[in-house]
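Input: a single structure, listed below in C-alpha cells.
2 protein chains.
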Amino acid sequence: MTQQGTLIVLSGFSGAGKGTVVKELLSRYDNYALSVSATTRKPREGEVDGREYFFKSREEFLQMIEKNMLIEYAEYVNNYYGTPKEYVIKQLEAGKNIILEIEIQGALNIKKQFPDAILMFITPPDGRELEKRLYGRGTEDDATVRARLKRAYEEADYAGSYDYIVVNDDLDECVSTINSIIESEKYRASKKLSLIQNIKKDLERFN
Amino acid sequence: MTQQGTLIVLSGFSGAGKGTVVKELLSRYDNYALSVSATTRKPREGEVDGREYFFKSREEFLQMIEKNMLIEYAEYVNNYYGTPKEYVIKQLEAGKNIILEIEIQGALNIKKQFPDAILMFITPPDGRELEKRLYGRGTEDDATVRARLKRAYEEADYAGSYDYIVVNDDLDECVSTINSIIESEKYRASKKLSLIQNIKKDLERFN
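As they're listed, the protein sequences go chains W and V. The first sequence begins at 1 in this note's numbering and counts up by one. The second sequence begins at 1 in this note's numbering and counts up by one.
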C-alpha cells in the first residue's frame with residue numbers, strides 16, 4: 001500500500017528563493033508535485049490548462065467557491081486564484097508530497113482544514129541578505145523593494161506559527177533539509193497507528 | 001554558538017532491539033550521548049562510577065529526590081534508579097543529543113517536564129517478529145517470554161502517545177531514520193525564533 005503523501009505549505013519572505021527551492025525539490029525527487037491552482041485570469045501564451053493553472057470563467061470559479069471545492073482562494077488584481085481540493089487529495093492518495101506555495105494567511109487557514117499539513121517557512125539567513133537579494137534582482141524600483149522589505153518585517157511575526165523554519169542560504173542544503181523533514185514526518189506516531197494495531201492483533205492471544 | 005542538543009526518550013517493546021539501536025547511534029554519530037542514571041544498587045565488577053551509573057547510597061538518593069534533582073526515578077527490586085537532571089542539562093547545553101532509554105510511564109512524565117523532548121517508540125515490524133526475537137534469545141523460559149508478550153500487548157496502547165514510531169527491521173535504516181528525525185526537529189519554528197528576531201531587527205528601519 002502506498003503511504004499517503006504529505007501536504008506541504010511553503011511560505012516565506014519575498015526574496016527568500018521559494019520558487020528556486022520548489023523547482024529544485026521537484027527536479028531532485030520524484031515523489032513531489034506542485035499544486036496546480038485554478039484562476040480566472042486569461043491564459044498567457046504557452047500556458048496549458050491543467051499544467052500552469054486550471055483556467056476558469058468567473059462564473060465557474062464562483063461555483064467552485066460555493067460548492068466548497070477550493071482549499072483556499074484569494075482575489076488579486078481583479079482575478080481569482082485558488083487551490084482545487086480534489087486535485088490535492090488525489091495527489092496525496094497517490095503518495096505524492098504536494099507543495100502549495102502560498103502566502104501566510106492562506107497557509108494558516110490550510111492547517112485548520114488539513115491538520116497533517118506541514119507548514120514551512122523559508123528565509124534567507126539574515127535581513128541584509130534579504131535586502132541584497134531584492135535589490136540584486138534589479139527588476140524593481142527602490143520604492144517597491146522598500147515596500148517588500150517592510151512587508152517582510154511585518155510577516156516575520158507569523159513565522160513562529162509555522163511548523164518549521166528553514167534557511168535558504170545554500171540551495172542544495174535547504175532542499176535536502178526540506179526533504180529530510182518531510183520524510184521524518186512520516187514516522188509521526190499519528191501516522192503509524194495501523195502498524196501498532198496490527199501488532200496488537202498479532203499479540204492478542206498472549207493477553 | 002552551539003545549538004542546544006535534543007533530549008531523546010527511547011522506549012519500545014521488550015525485544016524491539018532498543019539496546020542495539022542506542023549502541024549504534026552512539027558509535028555512528030559523535031553528537032549523541034547516553035544519559036547516565038543514578039542508582040542505589042552496588043557497582044558490579046568493572047563498573048565505573050559516572051560511566052555505567054552514578055552510584056549513590058540510599059540516603060543520598062532520597063536526598064536527590066527531595067531536592068528535585070532527578071528527572072524521573074523508580075524503585076526496582078529494592079533499588080532506586082533515576083535520571084540526574086544536572087547531567088542531562090549539561091549535555092544538552094554542550095549540544096549533545098542525549099538519549100534516555102526508559103519505560104513508558106517515565107517517558108510520558110518527561111514530556112511534561114521537557115516539552116521539547118522527542119519521544120520515540122521502537123518496534124519490530126510485526127508481532128510474529130517480536131515473538132521470534134524473544135524466543136530466539138534463548139535465555140528465558142516460556143513463561144517469561146509469554147509475560148513479555150502480554151506486556152507488549154498492553155504497552156501497544158501507549159505507543160500512540162509518543163512523538164514518533166520507528167520500526168527496527170533493518171538496524172542501519174532504523175538508526176539513520178532516528179538521526180534524521182532528530183536533525184529535522186532542530187528546524188522546528190519554536191527553535192528558530194531568535195533567527196527571526198534577528199531578521200526583524202535588521203529590517204526595522206523599513207517599517
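Each residue gets a CB set at the ideal place from its N, CA and C atoms; glycine is no exception. If you're wondering where the values come from, they're calculated on a predicted model, not measured in any experiment.
Asked, Found
"Kindly list, in the order they appear in chain V, the residues whose Cβ is closer than 9 Å to that of residue 98 of chain W.", "Per Cβ cutoff of 9 Å: no residues; residue 98 of chain W is ~19 Å from chain V at best."
"Using only the alpha-carbon positions, how far apart do residue 205 of chain W and residue 200 of chain V sit?", "59 Å"
"Please report the residue range of the alpha helix (DSSP H) in which residue 177 of chain W lies.", "171-185"
"If we count Cβ pairs, one from each stretch, closer than 8 Å, do we get three or more for the region 106-122 of chain V versus the region 47-58 of chain V?", "no"
"Can you round the beta-carbon distance between residue 192 of chain V and residue 182 of chain W to whole angstroms, since I take them to be within the 8 Å contact cut?", "Incorrect: roughly 17 Å between the Cβ atoms, too far for contact."
"Count the other C-beta atoms from every protein chain shown that fall within 10 angstroms of the C-beta of residue 48 of chain W, then say buried if there are 16 or more, exposed otherwise.", "exposed"
"Could you pull out every residue in the same chain whose Cβ sits closer than 7 Å to the Cβ of residue 161 of chain V, ignoring the five residues on either side in sequence?", "108"
"Nearest to residue 148 of chain W by CA position, among W:158, W:134, W:139, is which residue?", "W:134"
"Which first and last residues belong to the beta strand (DSSP E) in which residue 50 of chain W is found?", "It is not in any beta strand (DSSP E) - residue 50 of chain W carries neither H nor E in the DSSP assignment."
"Which stretch, first to last residue, makes up the alpha helix (DSSP H) that contains residue 106 of chain V?", "104-113"
"Per DSSP, what are the beta-bridge partners of residue 9 of chain V in this structure?", "V:100, V:119"
"Starting from the Cα of residue 177 of chain W, find the closest Cα among V:186, V:174, V:169, V:171 and give me that residue.", "V:186"
"Let me check one thing: in DSSP terms, what residues is residue 124 of chain W bridge-paired to?", "In DSSP, residue 124 of chain W forms no bridge with anything."
"For residue 79 of chain W, name the three-state secondary structure that DSSP assigns.", "strand"
"Quick one: is residue 251 of chain W buried, meaning 16 or more other Cβ sit within 10 Å of its Cβ, or exposed?", "The shown model of chain W, from 1 to 207, leaves out residue 251 of chain W, and the question about it has no answer."
"Residues in its own chain within less than 8 Å of residue 94 of chain V by CB, not counting five upstream and five downstream?", "2, 5"
"DSSP three-state label for residue 188 of chain V, please.", "strand"
"Would you kindly check if the distance between the Cβ of residue 142 of chain W and the Cβ of residue 202 of chain V is under 9 Å?", "no"
"What residues in the region 167-181 of chain W have a beta carbon less than 8 Å from any beta carbon of chain V?", "167, 177, 180, 181"
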